[in-house]
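Remember, the working numbering sits 30 above the position in the sequence shown when you count from 1.
Let me begin by presenting the structure, written as structure tokens, before commenting on it.
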Amino acid sequence: MSETSFDLVVVGGGPGGYVAAIRAAQLQMKVALVEREHLGGICLNWGCIPTKALLRTSEINHLLHELDAYGFSADNIRFDLAKIVKRSRAVAGQLSSGVKFLLKKNKVPVFDGAARLDGVTGGLRKLAVEKDGKQVADLTAKNVILATGARARIVPGLEPDGKLIWTYKEAMVPPAMPKSLLVVGSGAIGIEFASFYRNLGAEVTVVELLDRILPVEDAEISAFAHKAFEKQGMKLVTGATVKDVKRGADSVSVTIAAKDKAETGSFDRVIVAAGIVGNVENLGLEGTKVKVDRTHVVIDSHCFTGEPGIYAIGDLAGPPWLAHKASHEGVLCVEHLAGVTGVHALDVTNIPGCTYCRPQIASVGLTEEKARAAGYTLKIGHFPYIGNGKAIALGEADGLVKTIFDAKTGALIGAHLIGAEVTELIQGYVIGKTLETTEAELMATIFPHPTLSEMMHESVLDAYGRAIHF
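Laid out in structure tokens, this is it:
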């Protein structure tokens, strides 16, 4: 048992929590971090990073089967699934170790266990830290940041069993490649796994409750993706639910009920990717002013919960459920606590979203539908990948860049991309939007040739009837 007093205790060591702790240390705050499982959280260990390692492998597999188009030939192309999984886990392990090093470098003590709010003493927050049912530390702090993240939502009838029905965790470490796969949910997580397994040869069916896949994306991008995935051989069923789930010895039988018909099929494995729920349990929130809405902690523009000294960031605090949003909130919250001048509240329309399927998808700001609903008069530009020399040279001519401007002010209010490397391209629009760029600055910007980024320029020009190559 140890008892230590801090200026700040951060509960949770994911991309929100560890970044908040390091920034606090940089600002000369006495800070500690409590983590119950993995430094780096879900993102580094079971999410963003290892999935990108898997998706990179599937991209390579796709390219190996397209060698003839590039003038190469190869026989007996095959993969070793165990090695693919091993590489993904090694990448995650390397980065988790890196987080441990960074915390040590910044002199942030890490307590191994689960923390629970345990009242107030002398104006300081008390936290009890437990591990394996035993209390290992008593901490006190002026302020506490809750960064406990979220977990997969359980769908009734599709409860994961680790063998036939998987969450994202089991989907990242498959013992064998399923021949057929059902993915329930077509958000970023579901589509990324669908893309990974399809590119490695599995027959993939995706079921989405809403009327289109990738429902948070711009409708035009969603429709483009739908066609691209179907061309790859995916089966996409929208406006549908999964019913009558029957688990066999090594397969799952389900009925997919759409608006106009119901179809029963058998699948080797099922991945459930139907959203997440916040980890709000066992935090000691009872009797506090912390409000929980649909499993997520309610916060203000500076991550304050309403309970003196208690803040929340990241997935715990609600959408968008993105690692970079959590990190930004961590910095914002800590700097606000430290009294740093000029700390801006988070503008969610400046948060980019990226999906690393094939083709990639990236966006920032309002969709066309939301912009019109908000009352904007719009100028919209497009540019197709097929019109870009670099895309054609790469053999990646399937894609689209779409930009949305306020017709009255010229402000960039949305950008939506699908195609090769758009997850890297999107940051140009993010910077522009953060700087409150108008079409005039973007038009005057010189984009290098030949690059994919030229399409961003052409899309802007197209919004104002000035596109050169389209």
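In this text, a Cβ means the ideal position worked out from N, Cα and C, and glycines have one as well.
### Task
Would you give the residue range spanned by the beta strand (DSSP E) that residue 62 belongs to?
Indexing the sequence shown from 1 puts residue 62 at position 32. Counting along the chain, the beta strand (DSSP E) containing residue 62 begins and ends at 61 to 65.
### Task
Following the continuous beta strand (DSSP E) through residue 173, name the residue where it begins and the one where it ends.
In the sequence shown, residue 173 corresponds to position 143, counting from 1. Here the beta strand (DSSP E) through residue 173 covers 164 to 176.
### Pairwise C-alpha distance: residue 292 and residue 43
Start at 1 with the first residue of the sequence shown, and residue 43 comes out as number 13. Start at 1 with the first residue of the sequence shown, and residue 292 comes out as number 262. Rounded to the nearest angstrom, the two C-alpha atoms are 44 Å apart.
### Query
Which class does residue 414 belong to by DSSP, given the choice of helix, strand or coil?
The count along the sequence shown starts at 1 and reaches residue 414 at position 384. If DSSP states are grouped into helix, strand and coil, residue 414 belongs with the strands.
#### Entry: Local Cβ density within 10 Å of residue 257, reported as buried at 16 or more and exposed below that
In the sequence shown, counting from the first residue as 1, residue 257 sits at position 227. By the neighbour-count rule (16 or more Cβ atoms within 10 Å), residue 257 is not buried but exposed.
### Message
Let's test the definition: count the other Cβ atoms within 10 Å of the Cβ of residue 472 and tell me whether it reaches 16, buried, or not, exposed.
### Response
Along the sequence shown, one-based indexing puts residue 472 at 442. By the 10 Å Cβ count, residue 472 comes out buried.
### Query
Exposed or buried, what is residue 276 when buried is set at 16 or more other beta-carbons lying within 10 Å of its beta-carbon?
Mapped onto the sequence shown, residue 276 falls at position 246. Exposed, since its Cβ has fewer than 16 Cβ neighbours within 10 Å.
### Task
Determine the direct distance from the alpha carbon of residue 142 to that of residue 31, and round the result to whole angstroms.
In the sequence shown, counting from the first residue as 1, residue 31 sits at position 1. In the sequence shown, counting from the first residue as 1, residue 142 sits at position 112. Only weak support exists for where residue 31 lies, its pLDDT of 49 falling under 50; the coordinates are left without a value.
### Message
So for residue 491, helix, strand or coil by DSSP?
### Response
Residue mapping note: residue 491 aligns to position 461 of the sequence shown, counting from 1. Here residue 491 sits in helix by DSSP.
### Query
Taking three-plus beta-carbon pairs below 8 Å as touching, is the segment 238 to 251 in contact with the segment 203 to 219?
yes
### Message
Starting from residue 149, trace the beta strand (DSSP E) in both directions and tell me its first and last residue.
### Response
Position 119 of the sequence shown, counting from 1, holds the residue named residue 149. Here the beta strand (DSSP E) through residue 149 covers 144 to 151.
### Query
Between the beta-carbon of residue 360 and the beta-carbon of residue 463, is there less than 9 Å?
As a first step, residue 360 is located in the sequence shown; it is residue number 330 there, counting from the start. As a first step, residue 463 is located in the sequence shown; it is residue number 433 there, counting from the start. Contact flag unset, no.
#### Entry: residue 336 versus residue 56 - alpha carbon distance
Start at 1 with the first residue of the sequence shown, and residue 336 comes out as number 306. Start at 1 with the first residue of the sequence shown, and residue 56 comes out as number 26. So the two alpha carbons sit approximately 26 Å from each other.
### Query
For residue 372, which option in 363, 380, 83 has the closest C-alpha, if you only look at C-alpha atoms?
Start at 1 with the first residue of the sequence shown, and residue 372 comes out as number 342. The shortest C-alpha separation from residue 372 is found at 363.
### DSSP bridge partner residues for residue 276 (one or two, in chain order)
Taking the first residue of the sequence shown as position 1, residue 276 is located at position 246. Residue 276 pairs with 283.
#### Entry: Whole-number beta carbon distance between residue 424 and residue 412, since they are thought to touch under 8 Å
Residue mapping note: residue 412 aligns to position 382 of the sequence shown, counting from 1. Residue mapping note: residue 424 aligns to position 394 of the sequence shown, counting from 1. About 20 Å; that fails the 8 Å criterion.
### Task
Look at the alpha carbon of residue 273 and the alpha carbon of residue 307, and state the distance between them as a whole number of angstroms.
For the purposes of this step, residue 273 is taken as the residue at position 243 of the sequence shown. For the purposes of this step, residue 307 is taken as the residue at position 277 of the sequence shown. Near 22 Å, if we compare the C-alpha coordinates of residue 307 and residue 273.
### Task
Would you identify the three-state DSSP class for residue 39, choosing helix, strand or coil?
Translated into positions along the sequence shown, residue 39 becomes position 9. Three-state result, residue 39: strand.
### Task
Pick out the complete alpha helix (DSSP H) segments inside the segment 363 to 415, 4 residues or longer, and give them in chain order.
398 to 403
### Task
Tell me where the alpha helix (DSSP H) around residue 93 begins and ends.
Residue mapping note: residue 93 aligns to position 63 of the sequence shown, counting from 1. Residues 78 to 94.
### Range covered by the alpha helix (DSSP H) that runs through residue 460
Sequence index remark: in the sequence shown, residue 460 carries index 430 (1-based). Segment 452 to 464, the alpha helix (DSSP H) holding residue 460.
### Task
Please report how far the alpha carbon of residue 259 lies from the alpha carbon of residue 145, in whole angstroms.
Working through the sequence shown from its first residue, we reach residue 259 at position 229. Working through the sequence shown from its first residue, we reach residue 145 at position 115. About 44 Å.
### Query
Can you round the beta-carbon distance between residue 178 and residue 346 to whole angstroms, since I take them to be within the 8 Å contact cut?
Numbered from its first residue, the sequence shown carries residue 178 at position 148. Numbered from its first residue, the sequence shown carries residue 346 at position 316. The pair is a contact, with the Cβ atoms about 5 Å apart (cut-off 8 Å).
### Query
In terms of DSSP beta bridges, what is residue 341 paired with?
Translated into positions along the sequence shown, residue 341 becomes position 311. Note: residue 341 sits in a beta bridge opposite 175, 334.
### Task
Assign residue 190 to one of two classes, buried (16 or more other C-beta atoms within 10 Å of its C-beta) or exposed (fewer than that).
Here residue 190 corresponds to residue number 160 of the sequence shown, with the count starting at 1. Buried is the call here.
### Query
When the Cα of residue 51 is compared with those of 138, 81, 219, 210, which residue comes out closest?
Counting from one through the sequence shown, the residue named residue 51 turns up at place 21. When each option's Cα is compared against that of residue 51, the closest is 138.
### Query
With a Cβ-Cβ cutoff of 9 Å, do residue 234 and residue 210 count as a contact?
Against the sequence shown, residue 234 aligns to sequence position 204. Against the sequence shown, residue 210 aligns to sequence position 180. Yes, the pair counts as a contact, with Cβ atoms nearer than the cut-off.
### As assigned by DSSP and simplified to three states, the class of residue 233
Position 203 of the sequence shown, counting from 1, holds the residue named residue 233. Strand at residue 233.
### Query
Would you call the CB atoms of residue 169 and residue 315 closer than 9 Å?
Here residue 169 is taken as the residue at index 139 of the sequence shown, counted from 1. Here residue 315 is taken as the residue at index 285 of the sequence shown, counted from 1. Not a contact, by the Cβ cut-off of 9 Å.
### Query
Taking all protein chains shown into account, do 16 or more other C-beta atoms lie within 10 angstroms of the C-beta of residue 312, making it buried, or fewer, making it exposed?
On the sequence shown, position 282 is the one that residue 312 refers to. Result: exposed.
### Message
Please classify residue 508 as buried or exposed, where buried requires at least 16 neighbouring CB atoms within 10 angstroms.
### Response
This structure cannot speak to residue 508, because the chain is shown only from 31 to 500.
### Message
Buried or exposed, going by whether 16 or more other CB atoms sit within 10 Å of the CB of residue 13?
### Response
Summary: the structure shown does not reach residue 13, with the chain confined to residues 31 through 500, and so no result is reported for it.
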